[in-house]
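Q:
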Amino acid sequence: MDYNSIRREIEKYFTTNSSKDNIISSVLISFLESLNTGQIRSAEKQNNKWTTNSWVKQGILLLFKYGDLVEVNGGLFNYFEKDTLGLKQLSLSDNVRVVMGGSAIRNGCYVGKGVICMPPCYINIGAYIDKGTMIDSHALVGTCAQIGKNVHISAAAQIGGVLEPIGANPVIIEDNVMVGGNCGIYEGVIVKQNAILGSGVILNSSTKVYDLVNENILTNPLEIPENAVVVQGSRGINTNFGLKNKLSISTPLIVKYRDAKTDAKTELENALR
């Protein structure tokens, strides 16, 4: 089935009831295959603007709806998963390096050539990981998250997923972004290309980011600008109680924009890829 046919069928089945055998055979197998090959995505960039494809999330929800819980033999452990889901099947020809140690890539993800998955990491259904990206140890790429080319997602970073509400945007990380260790990016935040997030930066839809360079405050919908270097800072609480107790709130700060020195510190190693 082609892109438009899959979309029409998903949208139809999402609003009607159907037997499992009928929908699995006619639509959802093609849907999963198209997610795995990157033919369809939960969000796409058109005319320099990201657009969310809510129907893709509808298709993923149908996989849950029509799946039966089955026992899966995983070697040392048994797992219990919907029979419509499971793990993505990779081969050497995919040129994806999954290092031994407990990582998992769920069926229905696109993982580009040269991607490295360090153990243990997890990539959830609907995610799109473009070529040359590194997913480091204990990192999560959540449902439908869109990750660009040559991104480094450092150890213990969390890229949030989204299936509900159905119209919510996924997290989007554009090309050549460096995501520091223990970062958390959630609730449809967009990080534009070449940006750098220092260790421990937390971003969500209600986060205010203070641009010290341009003396500007970035708010919802939150987009981190191209080439921005973001670190976790703090701002004071100016109520009487806050002042009395010298309280402050964690706040991301844009402290600079990329320069030659920054590029040298974050340069990727081609030998790894």
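Residue numbers for the sequence shown follow the working numbering, beginning at 6 and rising by one. Every residue, glycine too, gets a C-beta built ideally from N, C-alpha and C. Because the structure is a prediction, the values reported are computed rather than measured.
Using only CA atoms, which one of F19, S98 and G113 lies nearest to V36?
A: The residue labelled residue 36 in the question sits at position 31 within the sequence shown. Per the sequence shown, residue 36 should be read as Phe rather than Val. Comparing Cα positions, the closest option is G113.
Q: Can you list, in chain order, the residues of its chain with a C-beta nearer than 7 angstroms to that of E179? Leave out the 5 residues immediately preceding and following it.
A: Counted from its first residue, the sequence shown places residue 179 at position 174. Answer for E179: G153, V196, K197 and Q198, listed in chain order.
Q: Quick one: what's W55 bridged to in DSSP?
A: As a working note, residue 55 is residue 50 in the sequence shown. K50.
Q: If you run the structure through DSSP and keep just helix, strand and coil, what is L208?
A: The sequence position of residue 208 within the sequence shown is 203, counting from 1. L208 falls in the strand class under three-state DSSP.
Q: Which residue marks the beginning of the beta strand (DSSP E) containing G247, and which one marks its end?
A: Taking the sequence shown and counting its residues from 1, one reaches residue 247 at position 242. Unbroken run through G247 is the alpha helix (DSSP H), N245 to N250; no beta strand (DSSP E).
Q: Assign V196 to one of three DSSP states: helix, strand, or coil.
A: Along the sequence shown, one-based indexing puts residue 196 at 191. In this structure, V196 counts as strand in the three-state DSSP scheme.
Q: Starting from Y262, trace the alpha helix (DSSP H) both ways and give me its first and last residue.
A: As a first step, residue 262 is located in the sequence shown; it is residue number 257 there, counting from the start. From DSSP, Y262 is part of no alpha helix (DSSP H) but of the beta strand (DSSP E) over S253 to Y262.
Q: Is the distance from the Cβ of C149 to the Cβ of G165 below 7 angstroms?
A: Position 144 of the sequence shown, counted from the first residue, corresponds to residue 149. Position 160 of the sequence shown, counted from the first residue, corresponds to residue 165. Their beta carbons are not under 7 angstroms apart, which means C149 does not touch G165 by this criterion.
Q: List, from N- to C-terminal side, the alpha helix (DSSP H) runs of 4 residues or more that fit wholly inside the region 8-44.
A: Entirely contained in the region 8-44, the alpha helix (DSSP H) runs reaching 4 residues are, in chain order, 8-19, 25-28 and 34-42.
Q: Quick check: the region 199-208 against the region 227-239, are at least 3 beta-carbon pairs closer than 8 angstroms?
A: As far as the Cβ criterion goes, the region 227-239 touches the region 199-208, which means the pair count is three or higher.
Q: In terms of residues, what are the limits of the alpha helix (DSSP H) holding K266?
A: Translated into positions along the sequence shown, residue 266 becomes position 261. From DSSP, the alpha helix (DSSP H) with K266 extends over A265 to T271.
Q: Can you give me the C-alpha to C-alpha distance between Y115 and T212, rounded to a whole angstrom?
A: One-based indexing of the sequence shown puts residue 115 at position 110. One-based indexing of the sequence shown puts residue 212 at position 207. Straight-line Cα distance between these residues: approximately 29 angstroms.
Q: Please report how far the alpha carbon of R240 lies from the alpha carbon of I190, in whole angstroms.
A: In the sequence shown, residue 240 corresponds to position 235, counting from 1. In the sequence shown, residue 190 corresponds to position 185, counting from 1. Computed Cα separation, rounded: 20 angstroms.
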